[in-house]
Every structure is written in structure tokens, then in C-alpha cells.
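These notes concern the structure reproduced below.
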Amino acid sequence: LICALTGAEAAVVVNNCAAAVLLSLMATAAGRNVVASRGELIEIGGSFRLPDVIAQSGAMLREVGATNKTRLSDYAAAINEDTAVLLKSHTSNFKIVGFTASPERRDLAQLAKENDVILMEDLGSGVLIDLAQYGLVDEPVVADILKSGVDLVMFSGDKLLGGPQAGIICGRADLIKKLKKNPIKRALRLDKVTLAGLAEIGRASCRERV
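Every letter in the sequence shown is one number past the one before it in this note's numbering, and letter 67, counting from 1, is 69.
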């Protein structure tokens, strides 16, 4: 259902979005660098912060840019032989306005491809269908993010999707395969009741698209 709704090659689900970020980084970047903008080092629910989740994954955070402005050249300058991931985070619970700048996803995707590194996006409150008609114009659709070239997208099954608490990861099949084989995946797995609820949200989203 997730692949049908997003166009992703593959998908995997865990117990929440923080777990989705943790698993994604553990499986692909442990012992290596993760490059992220200073303006996107968010604090999530329960006062947990993205840099702390990155640290727990075994990856090393490389901050780039400034709070209000991060350019493509900042990411490019930070990439070296130890870089595994460029990590983008959607700032869904706050806004920085005024004198701001951030690179387009397509440009980040091209930079990642040229340097053989992975581009991930922690979307947080993800949506599977365009909700602009309901007034939610600032929430990017997962399918559009994948079309821009992002390799892995992580988002919540609850919040805007309205389903049970879950963390959904979708994107490249080879990367999803790595995530499924990582031992921590079993510790983060969903129970069957939650899977059933998530499946119903997927079916409802499919009906809405039709």
C-alpha cells in the first residue's frame, strides 16, 4: 500500500518516526558522517533532539550552514570520504522567516548522487495525498519528495495521516533491504494490531486518490 501511494521501490515500518530515523542511520551511516543543516536540527516530541538520535545511531553529525541560511555549497564543502548521508529534516513544527535560504531537494539529490552518498529526509508529519484543498499547503507529499530524488523518506503513521503511532520508511529497494536486515529492526517492529490500523489508513488513502 505504501509503495502504491508513494511510488517508492520498497518500504518498511517501525514503531515511530524517531525509530525510523534511528534505524535508517544505524543501517547506513554507523561510524561515518551525517551532514545536516543547523537550521534543521529539530527537537521532536518528548524533548528528544535530532542530534541525540543521530549520536545513538553510531553516526557522527557534521553541522553545516547557519540557523537561517544553508546553501548547497555548504553541503558540498562538508562531504569527504567519511560521509555516508545528507540528512534533510522538515521543520513542520516551527518556521524561520525573513533572511533565509535552503537548497532545493533536487539539487541536494544531484549532489548526493555525484558523491555516492545517501540523501534522507526526516519528514515527521508526512502526508500521502495533497492536502492543499484543506488548507495544509506547507506539508510536502511523500511521492513528490521521492520524485525529486531523495533516497529514503521517514514519516509518522499518526499525526497528519491519522493512523496509529508508527514510523514509515520508503524509498530505494537496496537501502530498505539493508534496514530490514539490521538487528535493531526486530526491537523496533510493530505489533499486528498497529499494522492492521496502518493498513486501513493506506486503503483509505488509496480510495481518496481514486
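The beta-carbon is built from N, C-alpha and C at its ideal position, and this holds for glycine as well.
Remember, predicted model here, so these are calculated numbers, not experimental data.
- Going by DSSP, residue 30 is part of the alpha helix (DSSP H) stretching over 19-31.
- Note on geometry: alpha-carbon atoms of residue 56 and residue 32 lie some 9 angstroms from one another.
- Residue 60 counts as exposed, since fewer than 16 other C-beta atoms from the protein chains shown sit within 10 angstroms of its C-beta.
- When C-alpha distances from residue 15 are compared across 184, 172, 204, 129, the shortest belongs to 172.
- With contacts defined by Cβ atoms closer than 8 angstroms, residue 170 and residue 13 form a contacting pair.
- Classified as exposed, residue 47 has fewer than 16 neighbouring CB atoms from the shown chains inside 10 Å of its CB.
- Annotation: residue 80 to residue 195 spans about 43 angstroms, alpha carbon to alpha carbon.
- Remark: C-beta atoms of residue 36 and residue 74 do not approach each other more closely than 8 angstroms.
- Residue burial is scored here from C-beta neighbours: residue 72 has at least 16 other C-beta atoms within 10 angstroms and is therefore classed as buried.
- No residue range can be given for residue 104, since it is assigned to no alpha helix (DSSP H) and is classified by DSSP as neither H nor E.
- Within the same chain, and ignoring the five residues on either side of residue 105 in sequence, the residues whose Cβ sits closer than 6 angstroms to its Cβ are 74.
- Spanning the alpha carbons of residue 201 and residue 164 requires a straight line of approximately 12 angstroms.
- About 12 angstroms separates the beta carbons of residue 175 and residue 9, which is beyond the 8 angstroms limit, so they are not a contact pair.
- With a threshold of 16 other beta carbon atoms within 10 Å, residue 45 falls short and is exposed.
- In the displayed model, residue 194 falls within a helix according to three-state DSSP.
- Straight across, the Cα-Cα distance linking residue 141 with residue 43 is about 18 angstroms.
- One alpha carbon belongs to residue 11, the other to residue 192, and they sit about 21 angstroms apart.
- Taking the Cα positions, residue 30 is about 19 angstroms away from residue 18.
- Per the coordinates, the alpha-carbon of residue 119 lies some 10 angstroms from the alpha-carbon of residue 112.
- Assignment of residue 119 by DSSP, reduced to helix, strand and coil, places it in the coil class.
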